[in-house]
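Visitor: Pasting a structure here, questions to come.
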Amino acid sequence: MRVGILALLQESNTFISGKTSLKHFQQDVLLTGEDIRQHFEQAPHEIGGFFQGLKKAGIEAVPIFAARAYPNGIIEASTFDLLVKQMMEGLEAAGSLDGILAAPHGATVAENHPDADGFWLGKVRDFIGLDKPLIATLDLHANLSRAMVDSTNALIAYRSNPHLDQLETGLRAADLMARTLSGSIYPCQAAAFPSLAINIQNQNTNEYPLSSFYAQINAASNGPDVISHSTLLGFPYADVAEMGSSAIVVTDDQPEQAQEMAWAIERKFLTEKDEFEPEFISVEAAIEEIVANPETRFTLLDMGDNVGGGSPADSSILLHALHDKKIANSFVCLFDPVAVKTASSVMIGEHVDLSIGAHTDEQHGTPLECNVKLLSLHDGKFSESKARHGGFTNFDQGPTAIVKCSSGCTVMLTSKRIPPFSLAQLTSCDLDPSNFRVFIAKGVIAPQAAYRDVCDRFIQVNTPGATCADMTQLDFKNRRRPMFPFEK
Ligand SMILES: [Zn+2]
4 MRVGILALLQ
14 ESNTFISGKT
24 SLKHFQQDVL
34 LTGEDIRQHF
44 EQAPHEIGGF
54 FQGLKKAGIE
64 AVPIFAARAY
74 PNGIIEASTF
84 DLLVKQMMEG
94 LEAAGSLDGI
104 LAAPHGATVA
114 ENHPDADGFW
124 LGKVRDFIGL
134 DKPLIATLDL
144 HANLSRAMVD
154 STNALIAYRS
164 NPHLDQLETG
174 LRAADLMART
184 LSGSIYPCQA
194 AAFPSLAINI
204 QNQNTNEYPL
214 SSFYAQINAA
224 SNGPDVISHS
234 TLLGFPYADV
244 AEMGSSAIVV
254 TDDQPEQAQE
264 MAWAIERKFL
274 TEKDEFEPEF
284 ISVEAAIEEI
294 VANPETRFTL
304 LDMGDNVGGG
314 SPADSSILLH
324 ALHDKKIANS
334 FVCLFDPVAV
344 KTASSVMIGE
354 HVDLSIGAHT
364 DEQHGTPLEC
374 NVKLLSLHDG
384 KFSESKARHG
394 GFTNFDQGPT
404 AIVKCSSGCT
414 VMLTSKRIPP
424 FSLAQLTSCD
434 LDPSNFRVFI
444 AKGVIAPQAA
454 YRDVCDRFIQ
464 VNTPGATCAD
474 MTQLDFKNRR
484 RPMFPFEK
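Numbering (the working numbering), first residue to last: 4 to 491.
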């Protein structure tokens, strides 16, 4: 038995002006053939799970195509066409296959195909025909479409946010493939699409309301013929028809049972919808908490500049707030290639005037004009060995400068945009996280997997920006209507 492996992963924010191009994939992952095995086989990622699970089942894994880029704007049409062309050429060249394991993200938007995942899964289905199983994994933030469901035999989503079960999700998909190929099960799936968008602030699966919500669904969604059930949270920063929460149930040849269970999850979502409405915390309130609790170590989560949601990574709003209050022993990482260059022009230990951050657009504050001391310079490459959100293992943030402001804030300036998913980002630059009392992490849930080890409290701060917490402020044109919380 031979099973092909395909992956095309990117979370696309349609509310930012920048687009994702080929270079963004080249900066992270753009691989074919055996290079995919080398990159992912041991990674805490669903593709690692595909390899490991197929091996365990004695099935040959045939890596064909894998592309991944960090969350950003929509994918340019020419780039998306090229990626799909490469994928399909790889599929044609792969020889006879018994099935396909695929890893779409589920919230990918291309300029020419708003439902990018549904489009390429449909192409793969057309190519392999109806008789061969196509089983795919999904990010918990997938905006599920009918096309994704119709193109696949089974879809299995992560169950945790921060995403720490990606390897396990890939293993489950590979096991399902093995059982399908052996003829011991016949997977069929059904989905439901509740008209509900869940605020990103309440998408932590370890906390109320989702922790109890998931526990109740797990208890209710069992039965001898249930193979898998997935409750997807959706990605609200995408103005597409499929934006929102959803449910997928896979049964062993019991289509009606699958549909009934998916509808039951939909009913539960709609009954409990008010529980998902967050209370926002202002920048001023967050700073007051920090000042009032000098012994407590905080991570401020910058919701408006959520890099894992596609934002520019250079908002200066929280930095200004800490700087103004002279909160010493604080840390922030900002994308600012110009400041890196300027800082690199002086000797270590010397001072230099910098204009820090807020260069991408007008939504993310104003640059902090500051005389800083250059502490160190680095190549910006680091790796993470533990399972962290996104399953990323190798990072490259480009040439990096560490500077200290007169207020005592330590600022890491990077030449490439990078989400704060790993503390190796600090330790690789000779920074000891235990020396800081306040961190700014540009994210909402995802950074918590890394930062929970070094702080006592997280505060999700309602900062303005491309990923602002209050999604009712975003100008949607294509989402379903009515939909909670936009229409009450
Ligand atoms: Zn996600």
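By construction, the Cβ of each residue, glycine as well, lies at the ideal position given by its N, Cα and C atoms.
1. Please state the DSSP three-state secondary structure of Pro340.
2. Does the distance from the C-beta atom of Ser248 to that of Ala200 stay below 8 Å?
3. Between which two residues does the beta strand (DSSP E) holding Gln463 run?
4. If we count the other Cβ atoms within 10 Å of its Cβ and call it buried at 16 or more, is Ser314 buried or exposed?
5. Kindly indicate which three-state DSSP category Lys407 falls into: helix, strand or coil?
6. Among all the DSSP beta bridges, which residues are the ones paired with Gln192?
7. Three-state secondary structure (DSSP) at Met3?
8. Shorter than 7 Å, the distance from the beta carbon of Asp433 to the closest heavy atom of ligand 1, or not?
9. Who pairs with Phe3 in a beta bridge, going by DSSP?
10. Ala261: buried (16+ other C-beta within 10 angstroms of its C-beta) or exposed?
11. Find out if the Cβ-Cβ distance for the pair Gly360, Leu377 is shorter than 8 Å.
12. For the 8 Å Cβ check, are there 3 or more pairs between the segment 407-415 and the segment 177-191?
13. Output the distance between the C-alpha atoms of Lys88 and Asp356, rounded to the nearest integer angstrom.
14. If you count every other CB in all the chains shown that lies within 10 Å of the CB of Asp317, and 16 or more means buried, which is it?
15. Taking only beta-carbon atoms, is Leu416 less than 8 Å away from chain D?
16. Quick check: what's the CA-CA separation for Ser214 versus Thr208?
17. Let me make sure I understand the geometry here. Which of Asp228, Phe301 and Ser358 has the alpha-carbon closest to that of Arg440?
18. Would you check whether ligand 1 has a heavy atom nearer than 7 Å to the C-beta of Asp120?
19. Assuming Ser214 is part of the beta strand (DSSP E), what are its boundary residues?
20. Which two residues bound the contiguous alpha helix (DSSP H) that contains Thr183?
21. Buried or exposed: Ala80, going by 16 or more other Cβ atoms within 10 Å of its Cβ?
22. Which residue from Lys126, Leu170 and Glu259 puts its Cα closest to that of Cys191?
23. Give a single yes or no on whether Glu14 has its beta carbon closer than 7 Å to a heavy atom of ligand 1.
24. What are the residues that DSSP puts in a beta bridge with Arg5?
25. Counting only the same chain and skipping the five closest in sequence on each side, list residues whose C-beta sits under 8 Å from that of Gln204.
26. Express the C-alpha separation of Ala72 and Val32 in angstroms, rounding to a whole number.
27. Just the Cα atoms here: how many angstroms apart are Ala244 and Ser198?
28. Any heavy atom of ligand 1 inside 7 Å of the beta-carbon of Asp456?
29. Excluding the 5 residues preceding and the 5 following Gln257 in the sequence, name in chain order all residues of the same chain whose CB lies nearer than 6 Å to its CB.
30. Name the two residues that bound the continuous alpha helix (DSSP H) containing Leu321.
31. Report the option in Met264, Ala105 and Pro74 whose CA atom is closest to the CA atom of Val65.
32. What separation, rounded to the nearest whole angstrom, lies between the Cα atoms of Pro47 and Phe28?
33. Applying the 10 Å Cβ sphere with the 16-neighbour rule, what's the burial state of Val294?
34. Taking 8 Å as the threshold (C-beta atoms), are Leu143 and His166 in contact?
35. With DSSP collapsed to three states, give me the class of Asn205.
36. So what's Val447 in DSSP terms, helix, strand or just coil?
Guide: Taking the structure as given:
1. Locating residue 340 in the sequence shown gives position 337, where the first residue counts as 1. Pro340 falls in the helix class under three-state DSSP.
2. As a first step, residue 248 is located in the sequence shown; it is residue number 245 there, counting from the start. As a first step, residue 200 is located in the sequence shown; it is residue number 197 there, counting from the start. In contact: Ser248 and Ala200 (Cβ atoms closer than 8 Å).
3. Position 460 of the sequence shown, counted from the first residue, corresponds to residue 463. Counting along the chain, the beta strand (DSSP E) containing Gln463 begins and ends at Arg460 to Val464.
4. The count along the sequence shown starts at 1 and reaches residue 314 at position 311. Under this definition Ser314 is a buried residue.
5. For this step, residue 407 is matched to residue 404 along the sequence shown. Three-state result, Lys407: strand.
6. Walking along the sequence shown from the start, residue 192 turns up at place 189. DSSP output for Gln192 lists Val253 as bridge partner(s).
7. Residue coverage of the chain in this structure runs from 4 to 491, which leaves residue 3 outside it and unanswerable.
8. Within the sequence shown, residue 433 is the residue found at index 430, counting from 1. No - ligand 1 has no heavy atom lying nearer than 7 Å to the Cβ of Asp433.
9. Absent from the model: residue 3. The displayed extent of the chain is 4 to 491, so no value can be given.
10. Mapped onto the sequence shown, residue 261 falls at position 258. By the 10 Å Cβ count, Ala261 comes out buried.
11. For the purposes of this step, residue 360 is identified with residue 357 of the sequence shown, where counting begins at 1. For the purposes of this step, residue 377 is identified with residue 374 of the sequence shown, where counting begins at 1. No.
12. no
13. Counting from 1 along the sequence shown, the entry for residue 88 is found at position 85. Counting from 1 along the sequence shown, the entry for residue 356 is found at position 353. C-alpha separation (whole angstroms): 48 Å.
14. Counting from one through the sequence shown, the residue named residue 317 turns up at place 314. Counting Cβ neighbours within 10 Å, Asp317 comes out buried, since at least 16 surround it.
15. Absent here is chain D; the protein component of the structure consists of one chain.
16. For the purposes of this step, residue 214 is identified with residue 211 of the sequence shown, where counting begins at 1. For the purposes of this step, residue 208 is identified with residue 205 of the sequence shown, where counting begins at 1. Those two C-alpha atoms are separated by around 5 Å.
17. Taking the first residue of the sequence shown as position 1, residue 440 is located at position 437. Of the listed residues, the one whose Cα sits closest to Arg440 is Phe301.
18. Against the sequence shown, residue 120 aligns to sequence position 117. Asp120 Cβ: outside cutoff for every heavy atom of ligand 1.
19. In the sequence shown, the residue the question calls residue 214 occupies position 211. Per DSSP, Ser214 belongs to no beta strand (DSSP E); it is in the alpha helix (DSSP H), Leu213 to Ala223.
20. Along the sequence shown, one-based indexing puts residue 183 at 180. Residues Gln169 to Leu184.
21. Position 77 of the sequence shown, counted from the start, is the residue given in the question as residue 80. The residue in question, Ala80, is exposed, as its Cβ has fewer than 16 Cβ neighbours within 10 Å.
22. Counted from its first residue, the sequence shown places residue 191 at position 188. It is Glu259 whose Cα lies nearest to the Cα of Cys191.
23. Against the sequence shown, residue 14 aligns to sequence position 11. Yes.
24. Stepping through the sequence shown from its first residue, residue 5 is reached at position 2. Per DSSP, Glu63.
25. Here residue 204 refers to the residue found at position 201 when the sequence shown is read from its first residue. Closer than 8 Å at Cβ, skipping near neighbours: Pro281, Phe283, Met306, Val447, Gln463 and Ala472.
26. One-based indexing of the sequence shown puts residue 32 at position 29. One-based indexing of the sequence shown puts residue 72 at position 69. Using only the alpha carbons, I get a separation of about 7 Å.
27. The residue you call residue 244 lines up with position 241 of the sequence shown. The residue you call residue 198 lines up with position 195 of the sequence shown. About 11 Å.
28. Locating residue 456 in the sequence shown gives position 453, counting from the first residue. No - ligand 1 has no heavy atom lying nearer than 7 Å to the Cβ of Asp456.
29. Within the sequence shown, the letter at position 254 stands for residue 257. Within the same chain, Gln257 has close Cβ partners Asp228.
30. As a working mapping, residue 321 is identified with position 318 in the sequence shown. Counting along the chain, the alpha helix (DSSP H) containing Leu321 begins and ends at Ile320 to Asp327.
31. Within the sequence shown, numbered from 1, the residue matching residue 65 stands at position 62. Comparing Cα positions, the closest option is Ala105.
32. Taking the sequence shown and counting its residues from 1, one reaches residue 47 at position 44. Taking the sequence shown and counting its residues from 1, one reaches residue 28 at position 25. Using only the alpha carbons, I get a separation of about 19 Å.
33. As a position in the sequence shown, residue 294 is number 291, starting the count at 1. That one is exposed.
34. On the sequence shown, position 163 is the one that residue 166 refers to. On the sequence shown, position 140 is the one that residue 143 refers to. Yes, Cβ-Cβ distance for His166 and Leu143 is below 8 Å.
35. Mapped onto the sequence shown, residue 205 falls at position 202. Residue state, collapsed to three classes: helix.
36. As a first step, residue 447 must be located in the sequence shown, where it is residue number 444. Val447 falls in the coil class under three-state DSSP.
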